Ligand code: PEP
Ligand code: MG
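Numbering (the numbering used here), first residue to last: 88 to 679.
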């Protein structure tokens, strides 16, 4: 079994696809540079304004079309880009100051913006460069008099297409995801947080992103196998490999079908313990799939995604509607809204200082800096607006609130005080709110983990953010691929922290849920169950496999396994032990 070449990227959305490469090239339209007489410049600016207006109208039309498919919200970034002075005003100024045609002014401005984005360290923002390209292309087409809708509606892919691209602008990703012939996405750029990944996960299309040499190794029409779980792309696979891929695909499809049929069956362990499965949500459009997969509720609503990539905070009204939509869609199930975890690697589209219209120092260590609850407590208006919106929305469903990255008692006290003050002022205004809103906190720092026994008496629930808990416990940047080999969920320090957090919650009698990526990984399910954890929150795509894993796990055995693992010392020793134990536990299944 072999393939002409095997490419490695990041598995952004699980599943196997077998098909042909459809290479989607983002055509950067390189226009002609023309120098215009002074007298013509005003009219040229006017021509650009008309093209910008036409693009805005097309975006509105797209939004309308897409909202039915529940992807409208993410197009907002394009509209904001279109209105951004760095784009529109800069292009107009270039026409007037350099005496050039609108096409060249747009081209030049776009190149400058792209160069600026390429220099940024923040992956969330860097990934938005495809939005700029899309907007610039549309404006160029409008300047050239193209008919936009015809192009979109007439866009057809050959059967069994695997879309291969450098990057996919979000509007294109949505359209391609809705095309019946699209089987998967593979991109050279992008990361787990790029729009392509998010759309792929929401649409349950396999996807591999960040495959660095993709475009030099794949030609249009090449036969491809994509493994969205392992993050692998096989180019020109031989017969043996195709057979193996088809077998794996059939297995996964059967698992998926089984998972959907079982969506409403409880996640009961072999020895009869019930485990609660919750969903993680970044975008409102993910809620549908969570319901299909039988999520009991939302264990983590990453509300900061409403702000990521934006150039201004959302208003109270915008947030109220976003929260209300999610609460209503969940039909009475519990929704855990996490207050903004902004800062660190999750940044808005503007420098924080401009976004918050206040003084913010440039940070040497953003992950240890003004992030999450720290940022909210330092920018009270941002925090109060969110709390007010959430409190108002609480009248429309079953809401609980939690605060991220608490490391000091004072932060928790201050956050709760703000919440109470907002509640009191809304109450005076006669605004309806839920009578009781449970208030919890995330345990994501070693500081919180080690005082969890005391914190547990101050909140209604704990939610363990293992992504950050591991990052801060092991001092390993979770985004840095150079030290990724040291990012180990099975390090004894992580296991001991979890053990202490769980014991603290149990002693105080409060619920605890794990919502980091570990919760959605069947490799870690037995370990978490063995620790006494019975509530897990994850992306919809992982729910089926984790539930099946639970159904094949004896909690009593998992507990014994964890007791023994906690007696070992090195990470390698613990990993090898758990691996052997899992092989014995799941003889007929592969949960690795
Ligand atoms: C975590 O840290 O595990 C978590 C769920 O929060 P985020 O990944 O959004 O930082
Ligand atoms: Mg976190």
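Think of the CB as a built atom: it goes at the ideal place given N, C-alpha and C, for glycine as much as any other residue.
Here the structure is a predicted model, which means the values were calculated and not measured.
Asked: When you measure from the CB of residue 373 to every non-hydrogen atom of the ligand PEP, does any distance come out below 7 Å?; Found: no
Asked: Using CA coordinates, which residue listed in 528, 139, 380 and 250 is at the minimum distance from residue 224?; Found: 139
Asked: What are the residues that DSSP puts in a beta bridge with residue 342?; Found: For residue 342, which the question treats as bridged, DSSP gives no partner whatsoever.
Asked: Quick check: does the Cβ of residue 353 come within less than 7 Å of any heavy atom belonging to the ligand MG?; Found: no
Asked: Roughly how many angstroms lie between the CA atoms of residue 184 and residue 490, to the nearest whole one?; Found: 50 Å
Asked: Using a strict less-than 6 Å threshold between each residue's beta carbon and the heavy atoms of the ligand PEP, what residues do you get?; Found: 387, 389, 428, 531, 552, 553, 554, 555, 602 and 603
Asked: Cα-Cα, which of 395, 172 and 505 is closest to residue 370?; Found: 395
Asked: Who are residue 107's beta bridge partners in DSSP?; Found: 248 and 310
Asked: Helix, strand or coil, according to DSSP, for residue 574 in the structure here?; Found: coil
Asked: Where does residue 354 sit, in a helix, a strand or coil, going by DSSP?; Found: strand
Asked: Per DSSP, what are the beta-bridge partners of residue 319 in this structure?; Found: 95 and 314
Asked: With distances taken from CA atoms, which of 470, 581 and 543 is nearest residue 653?; Found: 581
Asked: Three-state secondary structure (DSSP) at residue 703?; Found: Residue 703 lies beyond the residue range present for the chain, which begins at 88 and ends at 679; the question has no answer from this structure.
Asked: Who does residue 549 pair with in a DSSP beta bridge?; Found: 528 and 599
Asked: Whole angstroms is fine: what's the gap from residue 618's alpha carbon to residue 222's?; Found: 50 Å
Asked: Whole-angstrom Cβ separation of residue 426 and residue 550, contact assumed at under 8 Å?; Found: That belief does not hold up - the Cβ atoms of residue 426 and residue 550 are roughly 12 Å apart, past 8 Å.
Asked: With 16 other CB atoms within 10 Å as the buried threshold, where does residue 176 fall?; Found: exposed
Asked: Let me confirm a value: residue 518 is counted as buried when at least 16 other C-beta atoms fall within 10 Å, else exposed. Which label applies?; Found: exposed
Asked: Per DSSP, what kind of secondary structure is residue 378 in: helix, strand or coil?; Found: helix
Asked: May I have a chain-ordered list of the alpha helix (DSSP H) segments no shorter than 4 residues that lie completely inside the segment 407-475?; Found: 439-443 and 459-465
Asked: Give the DSSP-derived three-state secondary structure of residue 274 in the structure shown.; Found: strand
Asked: Would the C-beta of residue 491 count as close to the ligand MG, meaning under 7 Å from any of its heavy atoms?; Found: yes
Asked: Keeping to the same chain, check which residues put their C-beta closer than 6 Å to that of residue 386; ignore five residues upstream and five downstream.; Found: 365, 423, 600, 602 and 624
Asked: Distance, Cα to Cα, residue 403 vs residue 480?; Found: 10 Å
Asked: When DSSP labels each residue in this structure, what does residue 622 get in the three-state scheme?; Found: strand
Asked: Classify residue 431: buried if its beta carbon has 16 or more other beta carbons within 10 angstroms, exposed otherwise.; Found: buried
Asked: Assuming residue 380 contacts residue 539 under a Cβ cut-off of 8 Å, what Cβ separation, rounded to an integer in Å, is found between them?; Found: About 30 Å; that fails the 8 Å criterion.
Asked: Could you tell me which whole alpha helix (DSSP H) segments of length 4 or greater appear in the segment 176-205?; Found: 189-205
Asked: Tell me which same chain residues have a C-beta within less than 8 Å of the C-beta of residue 561, skipping the five on either side of it?; Found: 573, 574, 575, 578, 580 and 581
Asked: When you compare the segment 287-297 with the segment 311-318, are there three or more beta-carbon pairs, one atom per stretch, that lie closer than 8 Å?; Found: yes
Asked: Whole angstroms are fine: how far does the CA of residue 405 sit from the CA of residue 238?; Found: The pLDDT assigned to residue 238 is 45, lower than 50, so where the model puts this residue is not dependable; a value taken from the coordinates is nonetheless given after this. Going by the C-alpha atoms only, they are around 32 Å apart.
Asked: Between residue 506 and chain B, is there a C-beta pair that is closer than 8 Å?; Found: Although the question refers to chain B, the structure presented lacks it and comprises just one protein chain.
Asked: Check each candidate in 361, 107 and 453 and name the one with the smallest Cα separation from residue 306.; Found: 107
Asked: Indicate the three-state DSSP secondary structure (helix, strand or coil) for residue 634 in the structure shown.; Found: helix
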